[in-house]
Amino acid sequence: MRLFRFYEPRGLKLVRGYGQYVWDSEGRRYIDAHNGNGVGFLGHGNKYVVESIKEQLESIYIASTSYDTEPLDEALNLLSRIVPRDYQNVSFLNSGAEAVELAIKLARIYTKRKKIVYFSGSFHGRTLGALSVTGNKKYWAGLEGLDLATVQVDFNKPEDLLSLEGADIAAVIVEVIQGEGGVNPASKELIEAINTFSEKWGSLVIVDEIQTGFGRTGAHWAFTEVGLKPHIFTAGKSIAGGFPISAVLFTEEIASKIPSGSHGSTFGGNPLALAALRGGLRAYIGDRVWEKAYEAGKELISLLARELGGSRVVKEIRGKGLMIGVDLRVNPLNVIKCLQDRGVLATRAGSTVVRFLPPYMITKEDSEVIVSSLVGCVGGV
């Protein structure tokens, strides 16, 4: 039996992780700025998450959300402390793609319309519904031509959105900062256009906060920093310390129009996942993670700008908090391999960007290692 991989293996066998570091089978340590594609924002082996899961394993870990459980009550209470008051309805699922699927479904049920508008360069998942609003066409290979009732417009071209007839559009879905697309922030003009379009046509706004949310960009939720007014937003990746759980949060107005039995998930919101979420929220709130991510990100971006701002190989350094991209004029895969050889794990975004998604506890020394390693790798290209 072999694992079928949709991506080339990294040639590394990881055996242990702690905090911002992982170790391979030969005992070598790496700074983990790949971070399971960003899910390990709270660090490997987070004590709050580990303790909460252990506690739940000894009581009950099989139950649907038809039943009340202690981790459900506690997770809801903690989550309410970091979510704006307009979004006090939540559904728990297992992955980001599932959360996007439900968000689309809620919008269509509520508005009684079919079409969803999405943006070029976007990424919302690889299941069929989530893929239908993903703007990177490399993920559509073999599926071209499907009629999925979606409309793509160019990212950061607000005039393209505003030119649409919106009477049959259920929602506009957007990332405040595109992650997989290249760490591309939405412009102020696009944010304003989305709000305007929604108000004019009655179309809902869905914000995908699966990568940007939960403190990654230095705020609880990125949309609150830019004036975007969603009706629904999604969360996932790091909210439970890397344990598979996601959430869809939405307004009371939407909740009041959703019929009973219109959605469900066998494993979504199971007690063990909710215990991990409880632990993640305890860590996040107790350690004021969003503040530390803001400061650490500011420091890392400053170091990158100082050391690489004038490089002929670097087109741009962009990002917010600890969601950072370095846009290159060379193949980023060669640079990522070089970084790995130097003890830094990173990943790609778009076609030209090296993306760094480290845990919130990275130190100044870690940032210096990341930057010096990147300088060496870029200089060797």
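Residue numbers for the sequence shown follow the numbering used here, beginning at 14 and rising by one.
Every residue, glycine too, gets a C-beta built ideally from N, C-alpha and C.
Spatially closest choice to residue i from the options, by CA coordinates
i           : options            : result
residue 113 : 125, 263, 23, 280  : 263
residue 243 : 392, 97, 350, 48   : 97
residue 185 : 171, 34, 324       : 171
residue 268 : 28, 138, 101       : 101
residue 199 : 388, 132, 258, 364 : 132
residue 381 : 19, 46, 134, 25    : 46
residue 340 : 238, 278, 363, 235 : 363
residue 128 : 134, 383, 120      : 120
residue 314 : 103, 68, 338       : 338
residue 283 : 79, 146, 297, 20   : 79
residue 266 : 103, 323, 40       : 103
residue 54  : 392, 374, 379, 82  : 374
residue 143 : 155, 116, 167, 168 : 116
residue 25  : 352, 391, 105      : 352
residue 123 : 82, 219, 372       : 219
residue 13  : 324, 372, 211, 177 : The structure shown does not extend to residue 13, since the chain is modelled only from 14 through 394, so no value can be given for it.
Per DSSP, cross-strand counterpart(s) of residue i
i           : result
residue 234 : Partner(s): none; residue 234 has no beta bridge.
residue 283 : Answer is none; residue 283 lacks a bridge partner.
residue 263 : 102, 245
residue 336 : 333
residue 128 : 182
residue 361 : 367
residue 57  : 32
residue 37  : 27
residue 94  : Residue 94 pairs with nothing; no bridge assigned.
residue 45  : 358
Alpha-carbon spacing of residue i relative to residue j, whole angstroms
i           : j           : result
residue 88  : residue 249 : 14 Å
residue 130 : residue 163 : 6 Å
residue 42  : residue 34  : 7 Å
residue 38  : residue 273 : 50 Å
residue 71  : residue 65  : 10 Å
residue 141 : residue 194 : 18 Å
residue 209 : residue 357 : 43 Å
residue 27  : residue 320 : 30 Å
residue 295 : residue 17  : 36 Å
residue 179 : residue 44  : 47 Å
residue 370 : residue 388 : 18 Å
residue 384 : residue 361 : 16 Å
residue 110 : residue 355 : 33 Å
residue 221 : residue 192 : 10 Å
residue 125 : residue 270 : 11 Å
residue 241 : residue 201 : 9 Å
residue 276 : residue 217 : 19 Å
residue 56  : residue 297 : 11 Å
residue 329 : residue 136 : 21 Å
residue 235 : residue 311 : 16 Å
residue 173 : residue 134 : 15 Å
residue 279 : residue 260 : 15 Å
residue 68  : residue 40  : 31 Å
residue 160 : residue 145 : 9 Å
Distance between beta carbons of residue j and residue i, contact taken as under 8 Å
i           : j           : result
residue 62  : residue 318 : Actually they are not in contact, since the Cβ atoms of residue 62 and residue 318 sit about 33 Å apart, beyond 8 Å.
residue 30  : residue 51  : That pair is no contact at about 15 Å.
residue 326 : residue 301 : Going by Cβ atoms, the distance from residue 326 to residue 301 rounds to 37 Å, so no, they are not a contact pair.
residue 257 : residue 107 : 5 Å
residue 368 : residue 306 : Rounded, the Cβ-Cβ distance is 15 Å, inconsistent with contact.
residue 281 : residue 105 : 5 Å
residue 226 : residue 334 : With a Cβ gap of about 11 Å, residue 226 and residue 334 do not count as contacting.
residue 336 : residue 224 : 7 Å
residue 182 : residue 153 : Rounded, the Cβ-Cβ distance is 21 Å, inconsistent with contact.
residue 332 : residue 196 : 5 Å
residue 239 : residue 189 : 6 Å
Start-end ranges of the beta strand (DSSP E) lying completely within the stretch 135-188, minimum 3 residues: Inside the stretch 135-188, DSSP marks whole beta strand (DSSP E) runs of 3 or more residues at positions 163-166, 182-187, from first to last along the chain.
Those runs of the alpha helix (DSSP H) which lie wholly inside the stretch 272-329 and span at least 4 residues: 284-299, 302-321
Unbroken stretches of the alpha helix (DSSP H), 4 residues or longer, contained in the stretch 188-236: With a minimum length of 4 residues, the continuous alpha helix (DSSP H) runs that stay inside the stretch 188-236 are 201-214.
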